[in-house]
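At position 4 of the sequence shown the residue is numbered 4 (full-length UniProt numbering), and the sequence of numbers has no breaks.
Virtual Cβ for every residue (Gly too), placed ideally from N, Cα, C.
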Amino acid sequence: MSLNKAPKNNVFYRNQNWYYPMIEKGEGIYLYDADGNKYIDGCAGSAVANIGHGNKEIAAFTKEHMERIAFIHLSRWTVDSIEKCAQKVAQWAPGDLNHVYFVSGGSESTETAMKMARQYFVERDGNKSTKWKVISKWNSFHGNTIGSLSMTGITGRRKIYDPMLINMPKIEQFYHYRNPWGCETLEETSIKAAEALEIEILRQGADNIAAFITEPVVGSAAPGVHPDKVYFKMVREICDKYDVLLIIDEVMAGFGRTGKKFAIEHFDIIPDIVTCAKGMSCGYTPIGATICTDKVFDTIMVNGSGHFVHGHTYAGNPLSAGIANKVIEIMEREGYVENAAKQGAYLIEKMQDLYKYPIVGEIRGKGLMIGLEFVKDQDTKEPFDVKENIKGVLTNKCLEEGLVIYPGGGSVDGVRGDHCLIAPPVNITKEEVDLLFDKLEAGIKKTCEEMI
Ligand SMILES: Cc1ncc(COP(=O)(O)O)c(C=O)c1O
Numbered sequence: 001m002s003l004n005k006a007p008k009n010n011v012f013y014r015n016q017n018w019y020y021p022m023i024e025k026g027e028g029i030y031l032y033d034a035d036g037n038k039y040i041d042g043c044a045g046s047a048v049a050n051i052g053h054g055n056k057e058i059a060a061f062t063k064e065h066m067e068r069i070a071f072i073h074l075s076r077w078t079v080d081s082i083e084k085c086a087q088k089v090a091q092w093a094p095g096d097l098n099h100v101y102f103v104s105g106g107s108e109s110t111e112t113a114m115k116m117a118r119q120y121f122v123e124r125d126g127n128k129s130t131k132w133k134v135i136s137k138w139n140s141f142h143g144n145t146i147g148s149l150s151m152t153g154i155t156g157r158r159k160i161y162d163p164m165l166i167n168m169p170k171i172e173q174f175y176h177y178r179n180p181w182g183c184e185t186l187e188e189t190s191i192k193a194a195e196a197l198e199i200e201i202l203r204q205g206a207d208n209i210a211a212f213i214t215e216p217v218v219g220s221a222a223p224g225v226h227p228d229k230v231y232f233k234m235v236r237e238i239c240d241k242y243d244v245l246l247i248i249d250e251v252m253a254g255f256g257r258t259g260k261k262f263a264i265e266h267f268d269i270i271p272d273i274v275t276c277a278k279g280m281s282c283g284y285t286p287i288g289a290t291i292c293t294d295k296v297f298d299t300i301m302v303n304g305s306g307h308f309v310h311g312h313t314y315a316g317n318p319l320s321a322g323i324a325n326k327v328i329e330i331m332e333r334e335g336y337v338e339n340a341a342k343q344g345a346y347l348i349e350k351m352q353d354l355y356k357y358p359i360v361g362e363i364r365g366k367g368l369m370i371g372l373e374f375v376k377d378q379d380t381k382e383p384f385d386v387k388e389n390i391k392g393v394l395t396n397k398c399l400e401e402g403l404v405i406y407p408g409g410g411s412v413d414g415v416r417g418d419h420c421l422i423a424p425p426v427n428i429t430k431e432e433v434d435l436l437f438d439k440l441e442a443g444i445k446k447t448c449e450e451m452i
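If you want it as structure tokens, here you go:
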């Protein structure tokens with residue numbers, strides 16, 4: 001029986017066990033609720049509102065664009081805003097990731113990548129191609145639609161849908177803090193995790209594998225977890241060796257969040273396909289994209305049938321594309337990518353002091369995509385029992401302090417393992433970082449007082 005705390009109205013809320021405060025407005029990094037409370041949006045929703053709330057430039061652009069055109073169907077027309085946006089996104093994306101297929105969100109972008117990889121091999125090798133499986137990882141999140149959930153490695157989100165999911169092979173994550181190989185350095189864990197890909201390709205048969213998908217920096221499944229550079233070097237080589245496409249899921253990490261335009265730039269390799277959403281429009285309207293290289297595009301669209309058998313009604317929505325283009329323009333003009341790198345480094349440095357609280361197990365991340373993992377015992381890394389609901393207690397304590405964090409769980413064994421993501425808007429100032437830190441520390445301190 002649920003706690004029935006959600007407001008009683010016609011909305012089918014996500015979680016009836018949660019009381020939903022009414023938000024009246026947002027401004028910069030702050031949210032204001034109807035009871036007069038002010039919060040720092042310490043996770044930008046879910047790493048979405050990267051340029052902050054209430055941006056007047058976006059609002060003005062939206063009005064002008066909406067008055068001009070509402071909707072065109074991308075199967076018949078083109079429009080200036082999608083062309084400009086695609087050009088900008090391609091300029092931001094590394095290497096020859098030049099071709100931008102628009103969608104409306106993260107799950108659609110990974111689902112699209114999965115189908116794009118399959119069609120690539122059918123176009124190249126004919127209908128008899130057996131390459132279709134996408135290898136993914138435990139402790140990963142790629143979305144909640146059936147295709148994207150099939151690639152997702154969060155047990156809690158998969159369990160009840162398990163009979164409906166596609167059988168996509170899963171390998172271990174580069175989760176050094178809890179690596180199963182007994183590795184002592186991140187480099188060793190990264191090598192083992194990359195070797196696991198080769199082992200799985202051989203086990204499944206390379207003839208059956210179309211692609212490998214991975215986040216560059218892990219989001220909700222194990223926030224802030226990332227590998228050493230050697231991981232992506234090895235993964236790129238393994239994919240090339242076995243004729244497997246490499247898909248990098250930048251839905252959370254992309255568009256400046258980690259202090260680079262795309263997080264894969266930290267690792268100096270060029271993927272075949274990149275998926276993105278969230279920070280692309282910073283939540284002003286829904287949008288996402290699946291970006292591919294010349295090789296993938298040419299095989300399907302130039303030398304192949306010329307028709308990607310896919311598409312959604314709202315894909316390439318003119319306003320969303322226009323807003324994404326505007327967001328990128330603002331990010332460039334204001335230097336927000338550089339700011340994410342600078343403030344992220346400052347915050348993570350400051351956070352080292354939090355290890356003095358016995359529940360803080362690990363702090364990790366890149367730029368302003370920072371994860372904290374909580375443990376019962378810092379030495380043994382023993383997690384809390386789920387019933388203790390430490391992530392819930394911490395979330396509430398932080399809210400009382402006026403800070404919104406993004407909690408999650410299940411990273412240890414699919415059930416246990418509490419963590420949270422700190423990912424404020426990337427236009428945050430140093431003074432605001434200090435304020436966020438003080439509130440986070442107060443929330444952790446109060447949680448310790450209650451739990452220990
Ligand atoms: C890495 C990653 N991929 C895919 C998704 C799914 O995106 P959406 O919720 O927009 O469908 C998310 C959402 O959090 C994500 O973080």
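Contact test: residue i Cβ vs ligand 1 heavy atom, cutoff 6 angstroms
i	result
H142	yes
G106	yes
A277	yes
V337	no
V251	yes
E215	yes
G256	no
G408	no
G365	no
G219	yes
Helix, strand or coil at residue i according to DSSP, with G and I counted as helix
i	result
S136	strand
P286	coil
H312	coil
H176	helix
E362	strand
P407	strand
G322	helix
M369	strand
V433	helix
V386	helix
N37	coil
residue 479	Nothing can be reported for residue 479, as the shown portion of the chain is limited to 1 through 452.
L31	strand
D294	helix
K25	strand
L202	helix
L399	helix
L394	helix
F12	coil
Distance CB(residue i)-CB(residue j) smaller than 7 angstroms
i	j	result
R203	M369	no
S281	A324	yes
I82	A321	yes
D96	D294	yes
H73	C292	no
V79	P318	yes
I444	Y346	no
I269	F232	yes
Y175	V225	yes
L246	P227	no
M151	M164	no
D249	H419	no
C276	I359	no
G365	S220	no
V103	T110	no
K391	K446	no
A210	W132	yes
G259	G344	yes
A253	P216	yes
N139	Q87	no
Y406	C85	no
Nearest-angstrom Cβ-Cβ length linking residue i and residue j, presumed shorter than 8 angstroms
i	j	result
F262	A93	6 angstroms
L197	I171	6 angstroms
K137	T214	6 angstroms
F61	K326	5 angstroms
Residue-chain proximity (residue i, chain C), Cβ-Cβ < 7 angstroms
i	result
C398	Here there is only one protein chain, and chain C is not present.
If you pair each beta-carbon of the stretch 376-385 with each one of the stretch 226-242, do three or more pairs fall below 8 angstroms? no
Three or more C-beta pairs closer than 8 angstroms, one from the stretch 41-61 and one from the stretch 24-31: is that the case here? yes
I want to know whether the stretch 296-316 touches the stretch 33-51 - three or more CB-CB distances under 8 angstroms. no
Cβ contact (3+ pairs, closer than 8 angstroms) linking the stretch 399-407 and the stretch 34-45: yes
Closer than 8 angstroms is the cut-off here; do at least three beta carbon pairs connect the stretch 336-353 with the stretch 426-443? yes
Is it the case that the stretch 152-159 contacts the stretch 113-120, given that we only count it when at least three CB pairs across the two stretches are under 8 angstroms? no
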